[in-house]
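A.B. asks:
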Amino acid sequence: MPGNDIIVFATLGAVLVIFVFYLFFFFLDRSPYIAWWTVGWLLYLPVNFLSYLADHFHDHRVILLLCSGLFFLVNSMCNFIGTKLFVGQKPPLRLFYSLFAITALLFAEQIYRPSFSIHTIILGILVLVGIIRVWAGISLLKISQRGSLLYCLGWAYLLCSSNLGALSFLYLNGISRVIALFFFECIPLFIAVGFLMLYVKQTHENITQDKQQIKYFNIHDKLTGTFNRDYFEDVIKQLENNPEKFPISLIFCDINGLKLVNDTLGHKKGDQVLKKIAALLIDNSRKSDIVVRWGGDEFIVILPCASKHQAYEITSRFREVLNSSPSEPVPLSMAIGVATLSEDSNRMDDVFRKAEENMYANKLKEGNNNKLAIINALGQLLFNKDYETKEHVDRLEDLVRKMGTRLKLSESSINLYCLAAKLHDIGKITIPERILKKQGPLDSGEWEYMKKHAEAGYRLALSANEFASIAETILYHHEHWDGSGYPQGLSGEDILLSSRIIAIVDAYDVMIHDRPYKKAMNKADAVKELYRCSGTQFDPNLVDAFVQII
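Position 503, counted from 1, in the sequence shown is what the working numbering calls 503; the numbers after and before it change by one each time, with no gaps.
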């Protein structure tokens, strides 16, 4: 058997083995680049076989060489597309489809009405294949590091772009043809094996990375990146059995007002608060300390080799940073408890319980002030979100105070009513801005949403002791004298006096001041409107009293 035949059949065997490998990996992975490579190496089989036939069956040499050339072009296109996809680049599919269509038409024309010599056609095909391979080689060299396998594959593409193996079938004979075939058939095989090696390497790295991610998420909280409760249990056992880590201090932290933030601004804002607190704890702890998310709004910081004094120094640092942090969306604060385990003290369970008790004691002492700060901040946010302004609230307080004096209410009651006037619409912080600032009338769905703000404000007020006494005033300030209001449809004197007063005062102030969606009325028209709604929306006796003070 001639040497070039041996090389052709050896190449066919090698290509078949490579094709089987690619087919195997395709069924495992189904990646697009593996699919293109698999098709490409499948097409390389007829390229070699048809070249062999053309060399032995001279009567059909033209058609066999044309078919071999067409398969060779498509094989190169498929491998190029697979290579571009593998390195994360978009292949020029439309260009290739157009090129293939033109080539196929040219081949058909050559078979039925030859216009060019077979050598001219084949040389044209080889030039196209050479351009494709140069393009692939340059693409690989641009993104690879010198000396890497990908870098070597780029040069291999450039080297095989000369197509000397294919040219040897046309122009060489004897030993020179055998050498050219052997050398240049090895290069595509090297490229095929190289990409298989890269695929296996990449797959192994992905599996390793996935394992690391699984391991990471097994011991970390997904939202905050701190360690989770399972990890806490493991690390505490290790530390407790290692005297070298004593004394061990625990800092128990509970975020103040997180539920308030979730209920008013939504869980997305609440998650932002959690992330900020977690980052603060990590950044201001020692490298050896372990920050754990214990529950929804609770964190524990484990401090190996830290005395109680050192633990308090770290908590002081936490508080300093919290106090200097911007109030976005609300002031950040935590209740903190500390306890320490030494070699001669109780078990870790007792220390944990002590730290938790100290945290709750701190929460009882400071928690209400923190909620007060949060609600005040929410009120400020409402000014930015709604058409409400500080001037509007100040005018309401002034009018409510005058009404209280007119009705001969006690000073304490007047102060309480003024506080209710200030916060009567705090529940609107839970309403989407698109509804609050809508220029036209609300549709039925939007109106139902808007009506929920009274109940939301009621829950907010109940959350802080200072505001609990005005919670019902906030709840009922949209009830109507005739029972047509909301949320409970109360009527007459079943509605709190404070709510009835605020309803009149608020309506009057809105009527006589400009809003983006309406022009202000004059005072006379506003008074007429109050009288028109007297006995239906408003308490008629209070309307008479109110008109006397303006």
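Ideal placement from N, C-alpha and C gives every residue a C-beta, glycine not left out.
Since this is a predicted model, take the numbers as computed values, not measurements.
Kindly list the residues whose CB is nearer than 7 Å to the CB of R459, restricted to its own chain and excluding five residues on each side of it in sequence; keep chain order.
C.D. replies: These residues qualify, in order along the chain: D263.
A.B. asks: Relative to the alpha-carbon of Q238, which residue among I214, K84, I290, K452 has its alpha-carbon at the smallest distance?
C.D. replies: Of the candidates I214, K84, I290, K452, the one whose C-alpha sits nearest the C-alpha of Q238 is I290.
A.B. asks: Identify every residue that forms a DSSP beta bridge with F538.
C.D. replies: Paired residues: S534.
A.B. asks: In the DSSP output, which residue or residues are listed as bridge partners for D254?
C.D. replies: For D254, which the question treats as bridged, DSSP gives the partners E298, A335.
A.B. asks: If you run the structure through DSSP and keep just helix, strand and coil, what is S498?
C.D. replies: Helix.
A.B. asks: At the level of alpha carbons, what is the spacing between Q488 and K519?
C.D. replies: If I take the Cα positions, the gap works out to 31 Å.
A.B. asks: Look up F227 in the DSSP assignment and say whether it is helix, strand or coil.
C.D. replies: Correct three-state label for F227: strand.
A.B. asks: Could you check if E479 is buried or exposed, using at least 16 other CB atoms within 10 Å of its CB as the buried criterion?
C.D. replies: The residue in question, E479, is buried, as its Cβ has 16 or more Cβ neighbours within 10 Å.
A.B. asks: Is I426 helix, strand or coil by DSSP?
C.D. replies: Looking at I426 - three-state DSSP - the assignment turns out to be helix.
A.B. asks: For the pair the segment 443-457 and the segment 526-535, tell me if three or more CB-CB distances fall below 8 Å.
C.D. replies: Contact between the segment 443-457 and the segment 526-535 is absent, because fewer than three Cβ pairs lie under 8 Å.
A.B. asks: Measuring alpha carbon to alpha carbon, tell me which residue in K276, R406, E233, P432 is nearest L381.
C.D. replies: For the residues K276, R406, E233, P432, the minimum Cα distance to L381 belongs to P432.
A.B. asks: With distances taken from CA atoms, which of I512, T103, C186 is nearest L126?
C.D. replies: Residue T103 is the option with its Cα nearest to L126.
A.B. asks: Taking Cβ positions, are E466 and L496 nearer each other than 8 Å?
C.D. replies: Cβ distance not < 8 Å, so E466 and L496 don't count as in contact.
A.B. asks: Looking only at its chain, what residues have a beta carbon closer than 8 Å to the beta carbon of V193, apart from the 5 residues adjacent to it on each side?
C.D. replies: Same-chain partners within the cutoff: I18.
A.B. asks: Quick check: the Cα distance between R229 and K211, rounded to an integer number of angstroms?
C.D. replies: Their Cα atoms are separated by approximately 20 Å.
A.B. asks: Look at R133 and Y157 and say whether their C-beta atoms are less than 8 Å apart.
C.D. replies: Yes, Cβ-Cβ distance for R133 and Y157 is below 8 Å.
A.B. asks: Would you identify the three-state DSSP class for K518, choosing helix, strand or coil?
C.D. replies: Strand.
A.B. asks: On the criterion of 16 or more Cβ atoms from any shown chain inside 10 Å, does N370 qualify as buried, or is it exposed?
C.D. replies: By the neighbour-count rule (16 or more Cβ atoms within 10 Å), N370 is buried.
A.B. asks: In the segment 26-56, which residue ranges form an unbroken alpha helix (DSSP H) of at least 4 residues, counting only runs that do not cross its ends?
C.D. replies: The segment 26-56 contains these whole alpha helix (DSSP H) runs: 32-56.
A.B. asks: Taking three-plus beta-carbon pairs below 8 Å as touching, is the segment 40-60 in contact with the segment 199-214?
C.D. replies: Contact between the segment 40-60 and the segment 199-214 is absent, because fewer than three Cβ pairs lie under 8 Å.
A.B. asks: Which residues bound the beta strand (DSSP E) around V330?
C.D. replies: Element bounds for V330: n/a, residue is neither H nor E.
A.B. asks: Helix, strand or coil for L73, going by three-state DSSP, please let me know.
C.D. replies: Note: L73 maps to helix in three-state DSSP.
A.B. asks: Answer yes or no: do F602 and I236 have a C-beta to C-beta separation smaller than 8 Å?
C.D. replies: What the structure shows of the chain is the stretch from 1 to 550, and residue 602 is not part of that stretch, so it cannot be assessed.
A.B. asks: Measuring CA to CA, which of N256, L149, E493 is closest to N541?
C.D. replies: Measuring from the Cα of N541, the nearest candidate turns out to be E493.
A.B. asks: Based on the DSSP output, what are the partners of H220 in its beta bridges?
C.D. replies: In DSSP, H220 forms a bridge with F227.
A.B. asks: What does DSSP give as the partner residues of S249 in its beta bridges?
C.D. replies: Note: S249 sits in a beta bridge opposite L303, T340.
A.B. asks: Pick out whichever of M334, L378, F26 has its Cα sitting closest to the Cα of E366.
C.D. replies: Taking only the C-alpha atoms, the option nearest E366 is M334.
A.B. asks: Do you know offhand how far M1's Cα is from N48's?
C.D. replies: Per-residue confidence for M1 stands at a pLDDT of 46, beneath the threshold of 50, marking its modelled position as unreliable; no derived number is given.
A.B. asks: According to DSSP, simplified to helix, strand and coil, what is R293?
C.D. replies: Here R293 sits in strand by DSSP.
A.B. asks: Between P247 and S342, how many whole angstroms is the CB-CB distance? I'm expecting something under 8 Å.
C.D. replies: Between S342 and P247 the Cβ distance is about 4 Å, and since that is below 8 Å, they are a contact.
A.B. asks: Within the same chain, show all residues whose beta-carbon is closer than 6 Å to that of L189, passing over the 5 residues directly before and after it, in chain order.
C.D. replies: Once the five neighbours on either side are set aside, the close Cβ partners of L189 are A14.
A.B. asks: Would you be able to state if there are at least three C-beta pairs under 8 Å between the segment 396-403 and the segment 543-550?
C.D. replies: The segment 543-550 is in contact with the segment 396-403.
A.B. asks: Look at the alpha carbon of L12 and the alpha carbon of D234, and state the distance between them as a whole number of angstroms.
C.D. replies: Between L12 and D234, the C-alpha separation is close to 58 Å.
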